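Chemist: Before we start, here is the structure in question, set down as structure tokens.
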Amino acid sequence: MSNVDYWQSPLPKSWLEQQEVLQKQILKRERDFNMTPVLPAFSGHVPKELKAIYPDAKIHEMSQWGGYDSKYRSHFIEPMDSLFNIIQKMYLEEQTAIYGTDHIYGIDPFNEVDSPNWNEDFLAKVSNQIYESIYQVDAEAKWLQMTWMFYHDQKKWTQPRIRSFLEAVPDDKLILLDYYCDSTEIWRNTEKYYGKPYMWCYLGNFGGNSMMVGNLDDVDSKIKRLFAEGGENVYGLGATLEGFDVNPFMYEFVFDQAWDYPLTTDQWIQNWAKCRGGNQDEHILKAWDSLHKKIYKKHATAGQAVLMNARPMLVGTDSWNTYPDITYNNRDLWDIWTEMLKASHIDNAGYRFDVINVGRQVLGNLFSLFRDHFTQCYSEKDIDGMKKWANQMDTLLIDTDRLLSCETNFSIGKWIDDARSFGETEAEKEYYEENARCILTVWGQKATQLNDYANRGWGGLTNSYYRERWKRFTTEVISASLSSKKFDEKQFYQSITDFEYEWTLSKEHHPIISGENPILLAKTLSEKYIRYFY
């Protein structure tokens with residue numbers, strides 16, 4: 001994304017060599033399937049040290065990103081500078097020699113960072129010269145550009161600036177990804193991107209957050225409207241998801257629309273339910289019909305999480321990355337979960353995934369109720385009540401972790417083992433493990449704005465990280481109350497920040513799966529927690 005100059009660099013040489021081999025395998029398979037791969041081109045981001053070698057080059061320090069220290073800022077060389085073309089030529093010639101080319105290049109010069117100049121003429125020159133730099137190397141070159149920046153900073157990316165940036169490139173040489181159409185369709189606000197080819201994209205999740213979100217009916221109507229009103233420059237449908245195995249049915253639905261299936265959303269969801277075991281049991285069909293009509297009515301937003309995944313607070317949540325709000329009644333989701341569990345003699349992967357996923361969400365939603373009871377007891381100076389609800393919170397975290405630990409799709413153990421498998425030495429394995437832990441929790445530098453951005457409902461992670469934070473929180477709140485003191489939230493955050501960073505350096509082993517049967521366990525938990533719903 002070129003938002004930061006570097007992080008924990010340099011990468012091990014073995015990583016670069018492995019990625020070259022893997023890239024060649026991926027490209028061969030894509031081409032065998034008659035797919036058109038997209039490879040990167042030079043986007044203008046350079047090391048700040050380049051300025052010392054070329055003092056006259058027009059290199060700009062870019063805006064800070066994500067709360068990272070200023071030393072991590074990226075640097076951008078103006079495409080109008082002759083050095084830009086030199087670098088582009090060297091880059092593309094070397095890349096083509098290794099991987100070949102299919103003539104489409106991904107370039108994103110200002111993704112979540114400010115342009116060094118917002119003058120419309122400057123923006124037009126930037127895009128024109130970026131295109132010219134790839135055209136001079138490859139006469140068939142086309143530029144693929146995300147349009148997230150137009151959504152992310154709408155105040156600065158005004159319509160005149162967007163028009164100037166886009167119209168400086170020939171219409172048939174720029175392909176745009178309308179990045180977050182489940183929320184905002186940029187094509188509708190830009191006269192269909194002023195004639196440039198564009199793809200309608202479904203994002204669906206930020207950071208791989210595990211929340212059950214998506215709006216099937218809204219996506220259906222938007223795609224139908226796209227095909228009716230989007231113009232001849234509609235290039236297709238795409239997905240810009242930030243994590244896999246999160247609400248997978250939504251992506252299946254989006255891509256099915258490319259084939260013009262004459263199905264209503266009700267019919268489509270019934271077909272999907274049959275694939276999840278509903279061809280053998282009507283309880284699954286009924287459950288998915290209710291998920292469609294009652295639960296999946298809101299699109300994904302950045303920073304969603306069940307409260308148990310959030311940094312502890314007495315009221316609300318401390319970060320934009322962990323909003324636990326839901327727009328449905330959790331009792332409805334509970335009824336859907338128990339309806340799923342009425343199915344008999346079903347044991348396929350899809351059914352197990354759905355039982356764990358719905359159970360994870362309904363128990364995670366219930367945690368908010370427990371926390372609020374704890375806070376009420378704190379406000380009433382009810383020590384026994386606080387202890388009771390602290391214990392209930394801890395037990396719920398343990399039970400949720402047990403459920404999640406039944407399958408590899410919800411396993412921190414598999415995530416870490418996969419990361420370590422890239423290492424050829426123990427030092428490399430530890431390097432990859434630290435980064436694997438880091439991206440899910442603190443993201444990068446200690447105490448950035450992106451803490452918990454990629455939170456997940458995963459077994460092992462819930463027990464060793466989220467549960468530990470809440471245990472420390474309830475212990476300290478109760479301790480303060482016993483001493484007739486006000487809980488010092490600021491001091492607590494300092495200590496919990498230290499714990500979070502220490503966890504990323506931990507080498508605690510996490511099994512890939514526990515071996516428990518998720519269906520039997522889910523039934524046990526449904527009996528245990530039914531009293532909070534009926």
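Quick note, the sequence shown lines up with residues 1 to 534 if you use full-length UniProt numbering.
All C-beta atoms, glycine included, are put in the ideal place defined by N, C-alpha and C.
Computed from a predicted model, the values in this text were never measured in an experiment.
(1) If His-75 and Asp-5 are in contact, beta carbons under 8 Å, what's the gap, nearest whole angstrom?
(2) Does residue 536 come out as helix, strand or coil in the three-state DSSP assignment?
(3) Going straight from the alpha carbon of Val-21 to that of Pro-10, what length do you get?
(4) Using the DSSP secondary-structure output, state which residues sit across from Cys-201 in a beta bridge.
(5) Considering only C-alpha positions, which residue in the set Phe-206, Gly-195, Phe-165 and Ile-98 is nearest to Lys-125?
(6) Can you tell me which residues form a DSSP beta bridge with Asp-178?
(7) Using the three-state DSSP reduction, which class does Val-4 fall into: helix, strand or coil?
(8) Counting only the same chain and skipping the five closest in sequence on each side, list residues whose C-beta sits under 6 Å from that of Pro-197.
(9) In terms of DSSP beta bridges, what is Asn-348 paired with?
(10) Note down, in chain order, each residue of its chain lying with its Cβ closer than 7 Å to the Cβ of Gly-413, except the 5 sequence neighbours on either side.
(11) Looking at the unbroken alpha helix (DSSP H) that takes in Trp-157, where does it start and where does it end?
(12) Using a threshold of 9 Å, state whether the C-beta atoms of Tyr-296 and Leu-216 are closer than that.
(13) Report the residue from Ile-26, Ala-273 and Gly-444 whose alpha carbon sits nearest the alpha carbon of Asp-69.
(14) Considering only the alpha carbon of each residue, which of Asp-121, Asp-347, Met-199 and Val-362 lies closest to Leu-525?
(15) When you compare only the Cα positions, how much space is there between Ser-483 and Leu-369?
(16) Where does the unbroken beta strand (DSSP E) through Gln-64 begin, and where does it stop?
(17) Here's the rule I'm using: 16 or more other beta-carbon atoms within 10 Å means buried, otherwise exposed. How should Thr-474 be labelled?
(18) Using only the alpha-carbon positions, how far apart do Tyr-193 and Arg-225 sit?
(19) Helix, strand or coil for Trp-118, going by three-state DSSP, please let me know.
(20) Spatial neighbours of Gly-100 within its chain, please: C-beta separation below 8 Å, excluding the five flanking residues on both sides.
(21) So, at 7 Å on beta carbons, what are the nonlocal neighbours of Asp-281 in its own chain, with the 5 sequence-adjacent residues on each side left out?
(22) What is the C-beta distance between Thr-190 and Ile-223, in whole angstroms, given that I count them as a contact (C-beta under 8 Å)?
(23) For Gly-106, report the span of its beta strand (DSSP E) as first-last.
(24) Tell me the DSSP bridge mates of Met-146?
(25) Can you check the stretch 310-393 for any alpha helix (DSSP H) of at least 4 residues that lies completely inside it and give the ranges in chain order?
(26) Under 8 Å Cβ to Cβ from Thr-327, same chain only, skipping five residues before and after it: list those, please.
(27) Roughly how many angstroms separate the alpha carbons of Lys-381 and Pro-312, rounded to a whole number?
(28) Are there 16 or more other CB atoms within 10 angstroms of the CB of Trp-118, so buried, or fewer, so exposed?
(29) If contacts are defined as beta-carbon pairs under 8 Å, then Leu-285 and Leu-403 qualify, I think. What distance do you get, rounded to the angstrom?
(30) Determine contact between the stretch 298-307 and the stretch 207-214, defined as no fewer than three beta-carbon pairs at a distance below 8 Å.
(31) When you compare the stretch 95-109 with the stretch 49-60, are there three or more beta-carbon pairs, one atom per stretch, that lie closer than 8 Å?
Modeler: Reading it off the structure:
(1) Residue numbering aside, residue 75 sits at position 75 when the sequence shown is read from its first letter. Residue numbering aside, residue 5 sits at position 5 when the sequence shown is read from its first letter. The pair is a contact, with the Cβ atoms about 7 Å apart (cut-off 8 Å).
(2) Residue 536 lies beyond the residue range present for the chain, which begins at 1 and ends at 534; the question has no answer from this structure.
(3) In the sequence shown, residue 21 corresponds to position 21, counting from 1. In the sequence shown, residue 10 corresponds to position 10, counting from 1. C-alpha separation (whole angstroms): 19 Å.
(4) Position 201 of the sequence shown holds residue 201. Partner(s): Gly-238.
(5) The residue you call residue 125 lines up with position 125 of the sequence shown. Minimum Cα distance to Lys-125 is reached at Phe-165.
(6) Position 178 of the sequence shown, counted from the first residue, corresponds to residue 178. Asp-178 pairs with Trp-200.
(7) Residue numbering aside, residue 4 sits at position 4 when the sequence shown is read from its first letter. Val-4 falls in the strand class under three-state DSSP.
(8) In the sequence shown, residue 197 corresponds to position 197, counting from 1. Answer for Pro-197: Ile-175, Asn-233 and Tyr-235, listed in chain order.
(9) The sequence position of residue 348 within the sequence shown is 348, counting from 1. Answer is none; Asn-348 lacks a bridge partner.
(10) Taking the first residue of the sequence shown as 1, we reach residue 413 at position 413. The answer, listed in chain order, is Gly-460, His-510, Pro-511 and Ile-512.
(11) What you label residue 157 is simply residue 157 of the sequence shown in a count that begins at 1. Neither: Trp-157 is in no alpha helix (DSSP H) and is coded neither H nor E.
(12) In the sequence shown, counting from the first residue as 1, residue 296 sits at position 296. In the sequence shown, counting from the first residue as 1, residue 216 sits at position 216. A contact, by the Cβ cut-off of 9 Å.
(13) Indexing the sequence shown from 1 puts residue 69 at position 69. The option with the nearest alpha carbon to Asp-69 is Gly-444.
(14) In the sequence shown, residue 525 corresponds to position 525, counting from 1. The shortest Cα separation from Leu-525 among Asp-121, Asp-347, Met-199 and Val-362 belongs to Val-362.
(15) Position 483 of the sequence shown, counted from the start, is the residue given in the question as residue 483. Position 369 of the sequence shown, counted from the start, is the residue given in the question as residue 369. About 26 Å.
(16) In the sequence shown, counting from the first residue as 1, residue 64 sits at position 64. Going by DSSP, Gln-64 is part of no beta strand (DSSP E) at all; its letter is neither H nor E.
(17) Counting from one through the sequence shown, the residue named residue 474 turns up at place 474. With 16 or more other Cβ atoms within 10 Å, it is buried.
(18) Within the sequence shown, the letter at position 193 stands for residue 193. Within the sequence shown, the letter at position 225 stands for residue 225. Spanning the two alpha carbons is a distance of roughly 16 Å.
(19) As a first step, residue 118 must be located in the sequence shown, where it is residue number 118. Secondary structure at Trp-118: coil, using DSSP grouped into helix, strand and coil.
(20) Along the sequence shown, read from residue 1 onward, the residue named residue 100 stands at position 100. Closer than 8 Å at Cβ, skipping near neighbours: Leu-27.
(21) Here residue 281 refers to the residue found at position 281 of the sequence shown. Cβ within range, chain order: Ala-343, Ser-344 and Ile-346.
(22) Along the sequence shown, read from residue 1 onward, the residue named residue 190 stands at position 190. Along the sequence shown, read from residue 1 onward, the residue named residue 223 stands at position 223. In fact, because the Cβ distance is near 18 Å, the residues do not count as touching under 8 Å.
(23) For the purposes of this step, residue 106 is taken as the residue at position 106 of the sequence shown. Boundaries of the beta strand (DSSP E) harbouring Gly-106: 104-106, taken from the DSSP string.
(24) The residue you call residue 146 lines up with position 146 of the sequence shown. DSSP lists Leu-177 as partners of Met-146.
(25) 330-340 and 349-379
(26) Counted from its first residue, the sequence shown places residue 327 at position 327. Lys-297 and Lys-298, listed in sequence order.
(27) Along the sequence shown, one-based indexing puts residue 381 at 381. Along the sequence shown, one-based indexing puts residue 312 at 312. In a straight line, the C-alpha of Lys-381 is about 19 Å away from that of Pro-312.
(28) Translated into the one-based positions of the sequence shown, residue 118 becomes position 118. Exposed.
(29) Indexing the sequence shown from 1 puts residue 285 at position 285. Indexing the sequence shown from 1 puts residue 403 at position 403. With 8 Å as the limit, Leu-285 and Leu-403 do not qualify as a contact, their Cβ atoms being about 23 Å apart.
(30) yes
(31) With a cut-off of 8 Å, the stretch 49-60 and the stretch 95-109 do not count as touching, because too few Cβ pairs lie within range.
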